[in-house]
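Asks: For the sequence shown, UniProt numbering assigns the number 1 to the initial residue and increments by one for each residue that follows.
Idealized CB from N, CA, C, for every residue including glycine.
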Amino acid sequence: MKDKKDSFGTYLGEPSAEQLNQFFYLHEKDLEIISTMRLSSTKLGFSLQLSSLRFLGTFCTDINTIPENAIIYVAAQLKINPKEIHNYKRRQTKDDHVKLIKNIYGYKEFSHLKKYLSNWLLNRAIYTTESTNMLFDMLLKKCLDEKIILPGFTTFSRFIASIVEKAEEQLYKQLALIPTNKEKKQLLNLLELVGTPVYGATIKMDILRTPLTDYSLKEISRGFERLKQFQTFSTENWQIKLIPEGKIKILANYAFKAKAQLIQRMSEQKKIALLVAFIYIYKRKAMDEQILALVNFFETIFRRAKNKEANERLRTIKDLDRAASTLSDIVEFVMTESSNNSDSSIRSQILKKYSEESIYSAVTQVRKLVKNEQEPIAIVELLTTYRKFKKFIPDILITLNFDSNNYGNNCKELWSFINNRFPNPITYKMFQTIEHTLPKKWVYYIQENPNQTNKCVLIAAIECLIQSFKRHDIYISQSNLYNNPMDCLLDKQTWLQQKGIVLEQLGLPSSGEEVSLWLKKDLDLSYKEALRRWPTSNMARIENNNQLIVSRLKKVYENKEEKAFKLRIQQLLPKIDLTDLLLEVNQQLNLTQLFNHLNDKDTKMKDLDISLLAVLLSEACNIGFSPVSKNSIDSLKYDRLIYVNHHYIRVDTLSAANQKIIHAHRKLAITKLWGDGYMASADGIRYITPQRSLYSKSNPKYFGRGRGITFYNFISDQYIGFHGMVVSGTLRDSLYLLEGFLNQPSELTPNQIMTDTAGYSDMIFGLFALLGFQFSPRIANDKGTKLWRIDSDADYHELNTLSQNKINLTLIQTYWEEILRVAGSLKSGKVNATELTKALQRNGQPTELGKAITEYGKVYKTKHQLRYISDEIYARQILEQLNKGESRHALCRNIFYGRKGKLYQTYYDGMEEQLNALGLVTNAIIYWNSLYLEKVFEQMKKEGYDCSEEMLRKQSPLISDHINFVGKYTFKYEQELSDGKLRPLNLEKF
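Put into structure tokens, the structure is as follows:
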């Protein structure tokens with residue numbers, strides 16, 4: 001609040017040209033009133049009082065504090081000497097002007113509207129997740145917009161504090177009334193001390209607060225016990241829907257992070273409220289973690305069994321070759337013998353060449369080694385691990401109360417049968433009643449091996465359960481990631497009310513017939529445009545076998561002038577340590593004021609900004625707190641850095657600081673040369689995680705023998721990163737693309753997104769098109785690219801043979817109303833885009849609705865491909881944007897140099913916070929570089945360099961040779977850089 005106090009109702013430096021035009025420009029009405037005044041000093045004084053009120057929200061008590069450029073700007077409009085302001089001294093005249101402005105312009109006193117403002121602010125405090133700082137800004141804006149004169153800072157801030165306190169009390173009261181008396185006792189019991197510490201827990205609540213670290217047997221067992229404790233609370237019966245979920249999440253996160261002693265000291269009402277929020281939110285998270293652990297655990301068993309069988313087959317391949325060779329020789333001999341030979345004569349001749357023992361041995365060997373196509377993969381290996389499957393079945397039956405859609409009915413029926421029978425074994429006779437619920441391969445094996453019925457049914461049941469969870473055929477309502485996304489769509493009644501607005505926003509046809517005509521015409525135009533450009537395009541060729549082969553773009557090399565230009569940039573940029581860069585950016589933008597405490601209260605800590613910057617640097621550089629801590633400096637003491645990291649570094653605070661950098665970066669003139677902010681790219685940067693984690697997965701291509709995660713981030717065409725999300729292992733990028741794009745919190749509004757080849761699917765094309773976005777992945781295909789058509793009779797000349805694939809318009813028409821409801825639900829944020837995509841795709845076996853959206857996507861995929869193969873400028877634009885992402889990743893790796901660039905976080909929240917801190921520091925460097933590049937270009941223009949827009953557009957703010965990331969870390973502001981001043985350039989002769 002200190003920064004707000006310093007700037008509240010007072011001038012901080014000179015207003016910008018934009019601010020002068022907005023607040024200090026005198027309109028006709030103003031000039032009419034001013035013209036009635038006699039003295040020049042009175043005219044100028046009145047005008048500045050009025051302008052100050054519009055700009056500051058209050059009258060200026062001391063005329064001497066008004067910046068000179070504001071006085072000159074107003075005086076010029078009045079054609080008065082600016083020095084006349086010194087004659088504006090008489091107190092009575094000033095008071096008269098204040099009254100006159102209030103009467104004529106309708107300004108009202110803050111004290112007269114307290115009830116109105118109180119109700120307005122209370123509603124925001126109750127129903128939004130805005131912090132106290134944000135409420136301060138919102139109330140300030142409201143006062144400025146509605147001509148309410150601001151009171152003193154103390155009155156204003158105390159007014160807000162009282163409203164926030166009132167909203168908190170109301171929220172605590174609402175939450176505390178939700179549980180039954182029995183549940184209240186259970187909740188308070190969570191704050192009791194643990195008899196014997198378990199996993200470092202001191203109170204019972206700590207057992208629930210400790211997430212799963214990995215998917216080992218020990219952790220999964222602990223997870224089930226944790227889940228059982230959560231399930232003693234019937235949250236599904238709690239009347240909590242009237243309370244905004246965002247507010248509940250804030251309280252739950254506070255309860256999750258706060259020290260046990262702090263919660264124990266609270267009033268009973270506040271204790272219960274925090275615990276209710278915690279249980280409600282973290283019960284679902286515990287379920288998500290448990291299912292994820294089970295899926296990872298059993299998938300690992302299936303994968304290892306499959307790999308072991310594959311290795312065994314490789315080991316016995318020579319035996320199979322010998323046996324098969326013997327039998328093939330015999331068969332060949334039989335087939336070439338004369339048909340006149342009797343069976344007995346053929347047999348005798350075979351036995352002369354091969355012994356009877358060798359023949360039977362070969363037959364036995366082949367039968368042993370050759371797998372029947374109906375046999376489940378690695379069935380024998382899976383049966384050897386049966387105990388691991390059986391171990392968790394009782395807990396699955398107790399804790400996972402799942403439901404199913406039509407695709408999952410067999411799985412649900414199978415588990416219902418097991419629930420009624422377990423722990424008694426399932427016999428072969430019983431198997432016949434559930435045979436239809438099992439995959440055919442398992443049925444075949446059980447029929448061949450009836451004595452293995454019980455083991456096979458239980459293993460098959462777990463395999464079906466895992467696959468069904470991944471496809472969302474089986475779902476759990478008390479889960480975030482494994483619920484039924486289709487239940488989260490706008491209900492039919494709400495959809496009918498909102499349909500007209502959504503169609504208008506997205507520009508979509510309302511009926512299936514209309515969309516058919518629209519798509520047919522749109523795709524036909526794309527073909528015609530591609531054919532028009534085809535003769536002069538070198539982007540693709542058609543080979544003899546009627547395959548469309550996409551060419552690779554030729555690399556554009558720098559010429560001597562461009563190399564010299566870049567070298568001079570490096571010479572001119574000031575050499576700087578990363579610590580000094582962060583301090584300077586903070587002086588420019590006040591980033592650290594956006595980091596509020598976990599409980600959203602003001603802190604009395606001195607030099608908190610220094611502590612925050614030290615924590616951000618240590619997290620971004622992956623070096624821990626020891627290299628930046630100094631026991632001789634209070635703000636850099638090791639324990640204080642740990643405290644600040646725990647209570648201030650969160651995704652929401654990091655995001656707020658990041659948005660401020662993005663906003664400032666957009667205002668720089670140079671960014672307009674790089675792009676307009678309407679294009680973006682998405683790509684993942686991989687991190688090895690040496691410590692075992694529930695969220696890391698193996699991928700030899702990226703992680704070698706280890707495991708890792710992907711940080712999937714979004715970069716605008718102006719180089720700035722505007723969103724990032726942690727993804728387990730290297731899962732298919734396209735699954736997370738739409739979610740990240742829709743949930744990005746920045747002010748940027750890109751409408752075109754580029755990805756690499758692996759980042760797309762037909763369905764993603766469809767979903768992006770429905771939401772009004774252009775999806776433009778790079779096409780790297782030297783094996784043939786498919787094109788689709790709607791009109792069977794259309795003549796597309798050279799492309800006729802390549803466009804034989806027909807889009808199913810009938811399917812799109814049939815499901816168009818549901819497709820629109822999906823689009824409306826995604827647009828409104830009602831449904832998680834990633835989980836919805838998984839549910840529609842069903843792991844390669846899409847639903848009918850999923851197939852319809854896929855057909856819709858084929859239209860836009862073909863439109864994109866047609867443009868890509870005929871327009872090199874478009875293709876190169878995509879490549880350039882992807883290169884920006886790759887270059888940004890390289891900068892991230894330079895920053896994240898500690899511990900060999902490996903990520904040692906084990907929990908998802910820790911990974912998300914550290915990588916978002918890295919993203920923030922990366923953006924701070926990009927902003928600093930962009931700021932100084934403007935100054936460098938001015939200097940180079942004076943030196944006679946070619947500073948044309950084309951040359952400047954080729955320069956990147958992702959350079960880092962002038963930045964020192966390692967060494968001693970000193971945090972001390974340079975006073976000469978205050979008020980937006982910049983460092984001098986290196987003007988030495990090279």
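For the alpha helix (DSSP H) containing D652, name the first residue and the last one.
Replies: Here residue 652 refers to the residue found at position 652 when the sequence shown is read from its first residue. That run of the alpha helix (DSSP H) goes V651 to K667.
Asks: So within the stretch 535-623, which uninterrupted alpha helix (DSSP H) runs reach at least 4 residues, ignoring any that extend past its ends?
Replies: 560-572, 578-589 and 608-621
Asks: In angstroms with no decimal places, state the Cα-to-Cα distance between L12 and Q174.
Replies: For this step, residue 12 is matched to residue 12 along the sequence shown. For this step, residue 174 is matched to residue 174 along the sequence shown. The alpha-carbon atoms of L12 and Q174 are separated by roughly 43 angstroms.
Asks: Could you check what DSSP says for D214 in three-state terms: helix, strand or coil?
Replies: Residue 214 sits at position 214 when you count from the first residue of the sequence shown. Coil at D214, not helix or strand.
Asks: Looking only at C-alpha atoms, which of D491, H97, L217 and N590 sits nearest to Q290?
Replies: Locating residue 290 in the sequence shown gives position 290, counting from the first residue. Cα-wise, what sits closest to Q290 is L217.
Asks: Am I right that A614 and L641 are in contact with their C-beta atoms under 8 angstroms? What's the rounded C-beta distance?
Replies: On the sequence shown, residue 614 is found 614 positions in, with the first residue counted as 1. On the sequence shown, residue 641 is found 641 positions in, with the first residue counted as 1. About 6 angstroms; that satisfies the 8 angstroms criterion.
Asks: By Cβ distance, which residues of its chain are closer than 6 angstroms to P151, with the 5 residues on each side in sequence left out?
Replies: Position 151 of the sequence shown, counted from the first residue, corresponds to residue 151. For P151, where only same-chain residues beyond five positions count, the Cβ hits under 6 angstroms are F110.
Asks: From the DSSP output, in three-state form, read off V726 for me.
Replies: Counting from 1 along the sequence shown, the entry for residue 726 is found at position 726. Strand at V726.
Asks: Going along the chain, which residues of its own chain have a beta-carbon closer than 7 angstroms to the beta-carbon of P450, five neighbours each way excluded?
Replies: Sequence index remark: in the sequence shown, residue 450 carries index 450 (1-based). Closer than 7 angstroms at the Cβ level, and outside the excluded window around P450, lie Y428.
Asks: Output yes or no for whether 7 angstroms exceeds the beta carbon distance between D717 and Q881.
Replies: Counting from 1 along the sequence shown, the entry for residue 717 is found at position 717. Counting from 1 along the sequence shown, the entry for residue 881 is found at position 881. Their beta carbons are under 7 angstroms apart, which means D717 touches Q881 by this criterion.
Asks: Measuring only the C-alpha atoms, how far is D145 from F59?
Replies: Taking the first residue of the sequence shown as position 1, residue 145 is located at position 145. Taking the first residue of the sequence shown as position 1, residue 59 is located at position 59. Taking the straight line from one Cα to the other gives about 15 angstroms.
Asks: Rounded to the nearest angstrom, what separates S47 and V98 at their Cα positions?
Replies: As a working mapping, residue 47 is identified with position 47 in the sequence shown. As a working mapping, residue 98 is identified with position 98 in the sequence shown. Taking the straight line joining both Cα atoms gives about 11 angstroms.
Asks: CB-CB under 6 angstroms to T710, same chain, minus the five flanking residues each way: which ones, in chain order?
Replies: Here residue 710 is taken as the residue at index 710 of the sequence shown, counted from 1. Excluding residues within five positions, the ones whose Cβ falls inside 6 angstroms are G684, R686, V727 and T730.
Asks: Write down the C-beta distance between N480 and N405 rounded to the nearest angstrom, noting that I regard them as a contact closer than 8 angstroms.
Replies: Indexing the sequence shown from 1 puts residue 480 at position 480. Indexing the sequence shown from 1 puts residue 405 at position 405. Rounded, the Cβ-Cβ distance is 18 angstroms, inconsistent with contact.
Asks: Which whole-angstrom value describes the C-beta separation of L190 and M287, a residue pair presumed to lie in contact below a C-beta threshold of 8 angstroms?
Replies: What you label residue 190 is simply residue 190 of the sequence shown in a count that begins at 1. What you label residue 287 is simply residue 287 of the sequence shown in a count that begins at 1. Contact doesn't hold; Cβ gap of about 18 angstroms is too wide.
Asks: Taking the alpha-carbon positions, what's the N237 to T210 distance?
Replies: Locating residue 237 in the sequence shown gives position 237, where the first residue counts as 1. Locating residue 210 in the sequence shown gives position 210, where the first residue counts as 1. The straight-line gap from Cα to Cα measures roughly 25 angstroms.
Asks: Straight-line CA distance for S655 to T61?
Replies: As a working note, residue 655 is residue 655 in the sequence shown. As a working note, residue 61 is residue 61 in the sequence shown. Answer to the nearest angstrom: the Cα atoms are 37 angstroms apart.
Asks: For V457, count neighbouring C-beta atoms within 10 Å of its own C-beta (all shown protein chains included) and say buried if the count is 16 or more, exposed if not.
Replies: Taking the first residue of the sequence shown as 1, we reach residue 457 at position 457. Answer is buried; the Cβ neighbour count reaches 16.
Asks: Would you mind reading off the limits of the alpha helix (DSSP H) that contains R707?
Replies: Indexing the sequence shown from 1 puts residue 707 at position 707. Not the alpha helix (DSSP H): R707 falls in the beta strand (DSSP E), residues R707 to S716.
Asks: Using only CA atoms, which one of I878, G624, I963 and Y874 lies nearest to Q905?
Replies: Sequence index remark: in the sequence shown, residue 905 carries index 905 (1-based). If we check each option's Cα against that of Q905, G624 comes out closest.
Asks: Is the separation between the beta-carbon of I688 and that of G675 shorter than 7 angstroms?
Replies: Start at 1 with the first residue of the sequence shown, and residue 688 comes out as number 688. Start at 1 with the first residue of the sequence shown, and residue 675 comes out as number 675. Contact flag unset, no.
Asks: When the Cα atoms are used, what is the spatial distance from G766 to L809?
Replies: Here residue 766 is taken as the residue at index 766 of the sequence shown, counted from 1. Here residue 809 is taken as the residue at index 809 of the sequence shown, counted from 1. Straight-line measurement puts the Cα of L809 at about 13 angstroms from the Cα of G766.
Asks: Comparing alpha-carbon positions, which option in G507, I248, I346 and G9 lies nearest G824?
Replies: Within the sequence shown, the letter at position 824 stands for residue 824. For G824, the nearest C-alpha among the options comes from G507.
Asks: Using alpha carbons as the reference points, say which of F153, W518, H646 and D206 lies closest to D6.
Replies: Along the sequence shown, read from residue 1 onward, the residue named residue 6 stands at position 6. It is F153.
Asks: Are three or more beta carbon pairs between the stretch 243-256 and the stretch 438-446 nearer than 8 angstroms?
Replies: no
Asks: Excluding the 5 residues preceding and the 5 following Y815 in the sequence, name in chain order all residues of the same chain whose CB lies nearer than 6 angstroms to its CB.
Replies: On the sequence shown, residue 815 is found 815 positions in, with the first residue counted as 1. Once the five neighbours on either side are set aside, the close Cβ partners of Y815 are L849 and A852.
Asks: For S52, which residues in the same chain have their Cβ closer than 7 angstroms to its Cβ, ignoring the five residues on either side in sequence?
Replies: Position 52 of the sequence shown, counted from the start, is the residue given in the question as residue 52. Result list for S52: F59, C60 and I66, in chain order.
Asks: Does DSSP put K173 in a helix, a strand or coil?
Replies: For the purposes of this step, residue 173 is taken as the residue at position 173 of the sequence shown. Helix at K173.
Asks: State the DSSP-derived secondary structure class of K89, mapped to helix, strand or coil.
Replies: In the sequence shown, residue 89 corresponds to position 89, counting from 1. Residue state, collapsed to three classes: coil.
Asks: Under three-state DSSP, which class holds M911?
Replies: Here residue 911 refers to the residue found at position 911 when the sequence shown is read from its first residue. Of the three classes helix, strand and coil, the one that applies to M911 here is helix, per DSSP.
Asks: Please give the ranges of any alpha helix (DSSP H) in the stretch 8-90, keeping only runs that are unbroken, at least 4 residues long and fully inside the region.
Replies: 17-23, 28-35, 40-56 and 68-78
Asks: Starting from Y127 and walking both ways along the beta strand (DSSP E), at which residues does that stretch end?
Replies: Reading the sequence shown from its first residue, position 127 is the one you call residue 127. Y127 -> not in any beta strand (DSSP E); alpha helix (DSSP H) instead, spanning K114 to Y127.
Asks: Looking at C-alpha atoms only, which residue of D756, Y719 and N713 is the closest neighbour of L742?
Replies: Indexing the sequence shown from 1 puts residue 742 at position 742. The shortest Cα separation from L742 among D756, Y719 and N713 belongs to N713.
Asks: Under DSSP, the beta strand (DSSP E) around R686 begins and ends at which residues?
Replies: The residue given as residue 686 occupies position 686 in the sequence shown. Where R686 is concerned, the enclosing beta strand (DSSP E) stretches over M679 to I688.
Asks: Please say whether D607 and S635 have beta carbons closer to each other than 7 angstroms?
Replies: Translated into positions along the sequence shown, residue 635 becomes position 635. Translated into positions along the sequence shown, residue 607 becomes position 607. Yes. Within cutoff.
Asks: Given this structure, state the Cα-to-Cα distance separating E165 from Y116, to the nearest angstrom.
Replies: Position 165 of the sequence shown, counting from 1, holds the residue named residue 165. Position 116 of the sequence shown, counting from 1, holds the residue named residue 116. Near 18 angstroms, if we compare the C-alpha coordinates of Y116 and E165.
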